[in-house]
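Protein chains in written order, with the numbering used here: chain A, 67 to 272; chain B, 122 to 658.
Backbone N, C-alpha and C define an ideal beta-carbon position, used for all residues, glycine too.
Take a look at the structure set out below.
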């Protein structure tokens with residue numbers, strides 16, 4: 067379970083988040099819906115610990131993690147522009163988080179294959195990042211975030227910038243992946259139909 | 122906007138005619154062939170036989186010097202890389218007050234004449250460190266740290282900020298992020314800077330002459346000694362050839378490795394962030410103060426030493442700057458005042474030659490396809506050739522009529538220009554290439570012929586880059602030591618030659634005078650470089 071408790075954040079004089087609170091029960095998906103610039107991305111970065119809130123608490127499975135640095139939070143984050151590591155190939159990217167956890171090579175290989183299967187890209191292990199299409203890169207970014215079995219998955223506009231056909235296809239797939247992986251998820255979007263299709267609950271921000 | 126005009130096919134009928142393009146190509150190519158290619162061939166021809174090279178290679182003394190040359194270069198390279206990476210990243214990552222000034226300050230040592238930098242450390246370091254390997258390495262670090270800050274800093278700026286965050290969300294601590302992500306993405310830049318520093322320190326000459334002492338010799342020093350002191354031209358040529366082959370091999374290998382390690386980064390507009398946490402603030406503050414201290418202390422030591430004589434404060438050096446005679450009958454052999462005049466003369470000639478050839482060459486490269494690329498590469502070659510080798514080649518090439526030019530004063534500024542032209546070409550080409558490809562098309566529809574459009578659209582925008590190029594050429598000419606050493610004539614010593622001569626003498630008076638000249642040169646080049654950099658940043 068992820069709980070956000072009275073989180074406040076302002077940048078200089080601009081109040082972006084004002085005592086925001088919500089909970090996402092384990093395994094469920096919450097869509098945060100709102101126009102651009104309303105603080106959705108800031109919210110995700112606060113949950114991930116990339117930005118500190120001025121006030122308020124973030125709890126993961128009933129543990130207060132507000133002061134825990136990002137790399138110890140065990141959170142998956144799919145960035146809007148993926149941010150795949152260009153110096154590593156597909157499997158190097160997916161196993162990055164597993165290496166951080168000290169997994170043995172054999173186990174990592176198994177897990178990478180598992181995740182590639184989950185995102186529908188089996189056999190992509192040795193591909194270069196620069197050879198991936200937009201949709202493929204997004205799937206690999208998703209696989210990379212899910213590999214270390216995060217306590218919560220954060221998706222920042224996961225379907226923005228893809229062309230229409232790909233968008234609809236990936237939305238169906240993403241829905242399946244989220245259901246299968248049973249990961250507590252917060253997804254940020256400005257697209258109402260995306261929110262309705264993917265989430266169990268919707269939180270509107272403005 | 123297309124930044125590379127050569128990428129677009131221009132309809133043939135709208136191109137500049139091939140005769141005109143060929144003419145632009147011809148002038149700089151002839152200059153390069155006469156003053157660079159021909160002398161290098163001459164050096165090769167002076168090597169009597171393969172046996173001569175082999176004999177030199179197995180000569181025990183040369184072998185010893187060669188090993189020393191390589192080891193001091195390697196030590197200098199690794200020490201500089203080690204010390205330079207953190208300042209490179211800090212200056213590239215953070216925004217803070219005075220960042221541009223610090224960025225420009227870091228570049229000053231690199232543009233300081235080698236003999237001036239070495240003199241500063243003669244003034245600063247205690248006597249017992251003079252003429253030691255440690256002193257050589259310290260000066261090399263001082264000199265080359267800018268290379269790391271520049272190359273690695275630029276590469277760091279291209280790493281997307283989000284990649285750090287994505288590593289963190291995957292469980293990497295900031296140290297792990299640095300070694301597993303940033304370090305890997307910087308590999309190519311690290312190799313490039315290592316190669317540049319290795320080339321510079323391998324061919325180090327002025328530094329060795331001034332602070333290395335007679336016991337520490339590099340191959341470069343050995344070429345000069347054989348050519349000038351011992352008069353053994355074929356041995357000097359053999360050492361030059363060995364050095365040229367070795368350095369080409371290093372360069373070739375580095376191209377191979379940096380290609381292999383090159384990771385394509387989508388460059389995005391990276392915004393520098395302000396240091397926020399206490400740790401970040403401390404890091405920035407300590408890097409900035411270390412830079413200021415490390416750069417200003419040697420310069421201050423140099424300037425203040427010019428006001429000292431035998432342990433006391435004295436204006437002697439500054440008062441007697443136009444006399445080589447210290448006391449009646451006692452001469453240092455060098456007239457400081459006349460060396461200043463000589464240097465200014467060399468500088469003005471070199472700036473004129475460099476701008477003329479550099480501008481024509483840039484246009485030739487810009488309007489010609491493959492032939493232009495070859496010319497561009499050709500002009501880069503003198504950079505990979507050491508100053509001593511350039512001077513030595515010219516010395517042995519222009520000694521017969523009708524080209525008996527080695528005793529003409531202008532041959533020295535020509536040598537300086539060989540070193541300055543590639544820099545000026547880079548500066549000019551950058552400006553030529555960064556423009557929308559549609560400008561000439563617009564000009565053509567308005568009735569401008571291709572050559573007219575080149576003149577009004579491209580050359581007309583060259584004023585600012587030409588001014589920068591003039592500054593760079595002036596700084597290079599004022600400080601050039603290696604080629605000048607081979608070509609200099611008694612009575613018309615340039616400032617670096619005079620400094621090298623005075624500072625390596627033992628008496629207090631010549632040293633003080635050497636420090637005085639070095640101070641003047643340091644301040645002049647410092648101002649030129651700082652103003653160029655500060656404007657450009």
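Cutoff 6 angstroms; reference residue i; Cβ partners in own chain excluding five residues on either side
i, result
"residue 348(B)", "357, 513"
"residue 353(B)", "347"
"residue 121(A)", "74"
"residue 139(A)", "115, 131"
"residue 593(B)", "544"
DSSP three-state assignment for residue i, whether helix, strand or coil
i, result
"residue 405(B)", "helix"
"residue 287(B)", "helix"
"residue 267(A)", "strand"
"residue 217(A)", "coil"
"residue 134(A)", "coil"
"residue 87(A)", "strand"
"residue 163(B)", "helix"
"residue 140(A)", "coil"
"residue 168(B)", "coil"
"residue 97(A)", "strand"
"residue 194(A)", "coil"
"residue 183(A)", "helix"
"residue 393(B)", "coil"
"residue 156(A)", "helix"
"residue 185(B)", "helix"
"residue 161(A)", "coil"
"residue 629(B)", "helix"
"residue 125(A)", "strand"
"residue 560(B)", "helix"
"residue 222(A)", "strand"
"residue 77(A)", "strand"
"residue 239(A)", "helix"
"residue 202(B)", "helix"
"residue 337(B)", "coil"
"residue 64(B)", "Outside the displayed range of chain B (122 to 658) lies residue 64(B), so it cannot be described from this structure."
Beta-carbon contacts of residue i that lie in its chain and below 8 angstroms, excluding the five residues immediately before and after
i, result
"residue 496(B)", "146, 149, 150, 153, 482, 485, 486, 489"
"residue 191(B)", "323"
"residue 586(B)", "548, 549, 551, 552"
"residue 102(A)", "256"
"residue 124(B)", "Summary for residue 124(B): the model assigns pLDDT 42, below 50, so the residue's position carries little reliability; its value from the coordinates is reported in the next sentence. Around residue 124(B): 554, 555."
"residue 355(B)", "167, 168, 169, 173"
Own chain residues within Cβ distance below 7 angstroms of residue i, not counting five before or after
i, result
"residue 250(B)", "256"
"residue 436(B)", "428"
"residue 474(B)", "534, 535, 538"
"residue 148(A)", "203, 204, 207"
"residue 284(B)", "302"
"residue 200(B)", "258, 262"
"residue 164(A)", "174, 177, 213, 214"
What residues in the region 203 to 235 of chain A bring their beta carbon closer than 9 angstroms to a beta carbon of chain B?
207, 210, 211, 213, 214, 216, 220
With contact counted as at least three CB pairs below 8 angstroms, one residue from each stretch, are the region 417 to 430 of chain B and the region 242 to 250 of chain B in contact?
yes
Between the region 148 to 156 of chain A and the region 165 to 173 of chain A, do at least 3 Cβ pairs fall closer than 8 angstroms?
no
Could you list the residues in the region 349 to 377 of chain B with a C-beta less than 9 angstroms from some C-beta on chain A, going in chain order?
none
Compile a chain-ordered list of the residues in the region 292 to 310 of chain B whose CB is closer than 9 angstroms to at least one CB of chain A.
292, 293, 294, 295, 297, 298, 301, 302, 305, 306, 308
Contact residues within the region 148 to 162 of chain A, judged by C-beta distance below 7 angstroms to chain B:
149, 151, 152, 153, 162
Inspect the CB distances between the region 160 to 177 of chain B and the region 503 to 522 of chain B and report whether three or more fall short of 8 angstroms.
yes
Validate contact between the region 321 to 334 of chain B and the region 602 to 610 of chain B using beta carbons, cut 8 angstroms, 3 pairs
yes
Return the chain-ordered ranges of every alpha helix (DSSP H) run that is complete within the region 205 to 291 of chain B and spans a minimum of 4 residues.
220 to 232, 235 to 245, 254 to 279, 282 to 290
Closer than 7 angstroms, Cβ to any Cβ of chain B: which residues of the region 159 to 190 of chain A, in chain order?
162, 163, 166, 167
Please confirm if the region 76 to 87 of chain A is in contact with the region 102 to 113 of chain A, defined as three or more CB-CB distances below 8 angstroms between the two stretches.
yes
Quick one: which unbroken alpha helix (DSSP H) runs of 4-plus residues sit fully inside the region 438 to 515 of chain B? Chain order, please.
457 to 488, 491 to 505
Contact set between the region 321 to 332 of chain B and chain A, restricted to residues whose Cβ is under 7 angstroms from the partner
none
Three or more C-beta pairs below 8 angstroms linking the region 279 to 294 of chain B and the region 216 to 233 of chain B:
no
Chain B contacts from the region 111 to 125 of chain A (Cβ-Cβ distance under 7 angstroms):
114, 116
Name the residues in the region 265 to 289 of chain B whose C-beta lies less than 8 angstroms from a C-beta of chain A; which are they?
281, 283, 284, 286, 287, 288, 289
If you pair each beta-carbon of the region 451 to 468 of chain B with each one of the region 269 to 283 of chain B, do three or more pairs fall below 8 angstroms?
no
In chain order, which continuous runs of the alpha helix (DSSP H) of length 4 or greater are located wholly inside the region 580 to 621 of chain B?
584 to 600, 603 to 608
Stretch pair the region 571 to 589 of chain B + the region 619 to 634 of chain B: three plus CB contacts closer than 8 angstroms
no
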